[in-house]
Amino acid sequence: MDPGSKEVQEFVINVAEDIVRRYAVDGLHIDDYFYPYSDGTEFPDSATFSDYQRQGGTMLKADWRRSNVNYLVESLYNRIHAIRPKVKFGVSPFGIWKSGTPA
0 MDPGSKEVQE FVINVAEDIV RRYAVDGLHI DDYFYPYSDG TEFPDSATFS DYQRQGGTML
60 KADWRRSNVN YLVESLYNRI HAIRPKVKFG VSPFGIWKSG TPA
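Position one of the sequence shown corresponds to residue 0 (numbering that gives the first Met the number 0), numbered consecutively onward.
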């Protein structure tokens with residue numbers, strides 16, 4: 000799933016909203032919310048990045064990716080709390096055990 004796709008973003012947010020509406024959860028926790036780190040292969044988001052640029056976007060690809068993740072996390076928080084303000088929301092950040100690792 001491409002985090003740069005508006006359809007994917009809405010799908011993830013809608014699933015989270017559905018969980019909060021249907022179940023008496025105390026919280027929702029997101030893990031692995033980042034783009035895959037470089038392992039010799041390119042993440043297939045060139046089409047959505049090109050769409051972003053065609054619409055006048057000027058961020059570098061890495062900044063655009065971070066912006067997509069930030070948008071998704073903020074939107075999840077806001078929309079979950081609009082439904083059930085007392086639900087806890089958490090995110091597990093990617094662990095960097097040593098500067099520059101992974102590159």
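Just so it is clear, CB atoms sit at the ideal spot from N, CA and C, and this is done for glycine as well.
DSSP state of residue i mapped onto helix, strand, coil
i: residue 75; result: helix
i: residue 45; result: helix
i: residue 31; result: coil
i: residue 66; result: helix
i: residue 52; result: helix
i: residue 17; result: helix
Cβ-Cβ distance between residue i and residue j below 8 Å
i: residue 25; j: residue 87; result: yes
i: residue 2; j: residue 67; result: yes
i: residue 14; j: residue 82; result: no
i: residue 93; j: residue 33; result: yes
i: residue 65; j: residue 16; result: no
For residue i, the residue or residues it bridges with in DSSP
i: residue 26; result: 87
Whole-angstrom distance between residue j and residue i, CA atom to CA atom
i: residue 56; j: residue 50; result: 9 Å
i: residue 75; j: residue 4; result: 15 Å
i: residue 9; j: residue 47; result: 15 Å
i: residue 80; j: residue 21; result: 14 Å
i: residue 63; j: residue 52; result: 10 Å
i: residue 44; j: residue 27; result: 27 Å
i: residue 59; j: residue 89; result: 28 Å
i: residue 85; j: residue 29; result: 17 Å
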